[in-house]
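*Asks:*
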Amino acid sequence: MRDYESFPPLEVIAAQGSRLHLAGGRTLIDAISSWWCKNLGHGHPRLRAALSRQMDRFEHVILANTTNEVIVSLSERLAALAPGLNHVFYAGDGSTAVEVAAKMALHAKKIQGGGESRFLALENGYHGETALTLALGDLGLYREAYREILPPVSFLRGLPYVDSDTHPLWSDCSEAWPALERQLQANLAGLCAVVVEPILQGAGGMRFYSADFLRRLRAWTKQHGVYLIADEILSGFGRTGTMLACEHAGIVPDLVCVSKGLTAGWLAMSAVLVPDAIYDLFYAGYGEGRDFLHSNTYAGNALAAAVALETLNVYRDEDILGQVHRGQPELRAAMERVAAATGCLKNVRCLGAVAAAELTGPGTGQGKRAGFRVYQEAVARGALLRTLGDTVYWLLPLNAESGVLAELEGITTQAIQAVLKA
Ligand SMILES: *Cc1c(COP(=O)(O)O)cnc(C)c1O
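In terms of our numbering, the sequence shown is numbered consecutively and its last residue is 459.
1) My output table needs one value for D354: the three-state DSSP class, helix, strand or coil.
2) Comparing C-alpha positions only, which one of A420, G426 and V107 sits nearest to L59?
3) Name the residue from A139, G62 and A407 whose alpha carbon lies nearest to the alpha carbon of A51.
4) In chain order, what residues of the same chain lie with their CB nearer than 6 Å to the CB of W207, ignoring the 5 residues before and after it?
5) Report the rounded CA-to-CA distance for V137 versus Y352, giving the unit in angstroms.
6) Tell me, which residues are paired with G54 by DSSP?
7) Are the region 332-339 and the region 119-131 touching, with three or more C-beta to C-beta distances below 8 Å?
8) If distances are taken between C-alpha atoms only, which option among D291, P434 and F192 comes closest to A392?
9) What are the start and end residues of each continuous alpha helix (DSSP H) run of 4 or more residues lying completely inside the region 270-357, in chain order?
10) Nearest by alpha-carbon distance to K405: which of F319, G426 and R418 is it?
11) Assuming P120 and V289 make a contact with CB atoms under 8 Å, what is their CB distance in whole Å?
12) Judging by CA-CA distance, which residue of T348, T449, L442 and G359 is the nearest neighbour of P82?
13) Suppose you measure from the CA of N350 to the CA of H285; what does that come to, to the nearest Å?
14) Is it buried or exposed for W72, if we count other Cβ within 10 angstroms and need 16 for buried?
15) Which first and last residues belong to the alpha helix (DSSP H) in which I460 is found?
16) Let me know the secondary structure DSSP gives K147 once reduced to three states.
17) Can you look up S191 in the DSSP assignment and give me helix, strand or coil?
18) CB-CB under 8 Å to D313, same chain, minus the five flanking residues each way: which ones, in chain order?
19) Are A342 and V361 touching if we call contact CB-CB under 8 Å?
20) For ligand 1, is there a heavy atom less than 7 Å away from the beta-carbon of V135?
21) Look up R386 in the DSSP assignment and say whether it is helix, strand or coil.
22) Can you say whether M33 is buried or exposed, counting buried as having 16 or more other CB atoms within 10 angstroms of its CB?
23) Terminal residues of the continuous beta strand (DSSP E) containing L265?
24) Might you give, ordered along the chain, the residues of its own chain that have their beta carbon closer than 6 Å to the beta carbon of C210, omitting 5 neighbours on each side?
25) Can you pull the DSSP bridge partners for H124?
26) Note down the Cα distance separating A117 from L346, rounded to an integer number of angstroms.
27) Compute the Euclidean distance between the alpha carbons of R155 and A230, then round it to the nearest angstrom.
28) Could you work out which residue in A308, A301 and E113 is closest to V295 when comparing CA atoms only?
29) Identify which residue in R90, R410 and I315 has its Cα closest to the Cα of T144.
30) Is any heavy atom of ligand 1 found at a distance shorter than 7 Å from the C-beta of I69?
31) What span of residues does the beta strand (DSSP E) with E395 cover, start to end?
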């Protein structure tokens with residue numbers, strides 16, 4: 038709050054594509070897709086038209102006991118994202134989707150009579166801001182103040198992190214696996230589910246980990262009857278180059294949570310993809326403790342659903358995954374040029390439409406706020422380049438206009454130089 042005294046909030050008056058327009062006439066590149074959700078940039082005309090068509094019909098009607106064409110089409114399209122995940126549960130935001138998935142897993146275990154109730158998650162993971170999802174996250178900063186109300190969760194440590202999909206560990210993590218498997222075995226008693234951000238961990242520092250690890254984790258959870266919950270809220274909808282990040286490992290989890298990219302950041306909506314096996318458990322009996330009684334006021338909101346459905350159409354018609362795929366080499370090269378030009382970045386990494394690195398050298402580290410100062414310098418030069426501690430990252434819209442990346446590269450280089458070479 039106090040930072041606003043010296044660095045007032047930016048007044049946005051319009052936004053188009055990758056750019057934000059500010060009062061006073063300046064424009065900024067939205068280098069982080071406005072908290073990672075504006076996958077198709079700002080103001081996409083087809084999404085605006087879809088929203089406006091739906092506004093002419095109706096905006097929001099309770100989804101319990103009602104149906105409509107848009108929600109049916111959207112559900113069919115979402116059910117086709119992962120083989121076997123044939124059912125869709127709607128919620129309002131990302132945190133709630135993870136909360137729903139965790140509750141569903143716990144409840145499903147109870148119905149089956151085992152009653153396993155513990156959760157295991159990954160180091161550096163982040164899953165949202167509700168008490169349960171904070172507990173599933175490994176970020177002390179976010180959770181510490183609420184410790185007393187968080188259920189105990191164990192974390193798997195020593196993940197095989199990689200800098201790209203060509204890193205040796207990406208397709209073979211056999212050396213790291215035994216230590217990870219030992220931790221899994223030690224946590225097996227009473228274990229209900231393992232919760233992961235597949236491949237890409239966002240809030241924990243824009244890290245990528247081995248696809249082979251995810252494949253092995255899926256095999257282990259299947260073997261031991263433990264649910265695997267994939268939080269694809271950031272990684273889904275093409276951010277890592279595939280529609281779902283789980284596809285990198287060729288796996289299908291038990292439950293998948295999507296949100297951010299689902300409506301391309303137009304309206305709050307989330308969904309949990311559910312397999313027949315879990316759906317059927319809840320199907321049977323009214324009054325037998327088998328009802329999944331979770332309802333959010335705005336679940337399946339008609340305006341959000343209309344935009345989500347059109348988002349999927351745009352992905353198809355504009356070959357968004359192809360754009361990500363073709364852009365990846367240049368994205369990495371650009372971040373590597375920033376590292377070379379400044380000499381102040383280490384651990385450069387890139388996958389899909391995400392590139393990241395850590396600031397390094399004198400002036401960085403605990404308490405120096407180098408990341409925050411780079412952010413300020415970048416804003417002064419024309420990019421909303423938010424940092425995570427000392428981690429600098431680019432997370433542009435997947436369809437960023439040509440020229441935007443080159444401009445962002447220049448701004449990032451200058452901003453880092455201004456802070457660390459002064
Ligand atoms: C953003 C995010 C969430 C939380 O979503 P909200 O809509 O902010 O509640 C959960 N998990 C991951 C991986 C996210 O990136």
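Think of the CB as a built atom: it goes at the ideal place given N, C-alpha and C, for glycine as much as any other residue.
*Replies:* With the given structure in hand:
1) helix
2) A420
3) G62
4) V199, S247 and A248
5) 27 Å
6) H79
7) yes
8) P434
9) 313-320 and 339-354
10) G426
11) 6 Å
12) T348
13) 22 Å
14) exposed
15) This structure cannot speak to residue 460, because the chain is shown only from 38 to 459.
16) helix
17) strand
18) G121, N123 and H124
19) no
20) yes
21) strand
22) What is shown of the chain runs 38 to 459, which leaves residue 33 out entirely.
23) Y264 to D268
24) P197, S247, D249 and F250
25) V311
26) 13 Å
27) 7 Å
28) A308
29) What sits at residue 144 in the sequence shown is His, not Thr. It is I315.
30) no
31) V391 to L396
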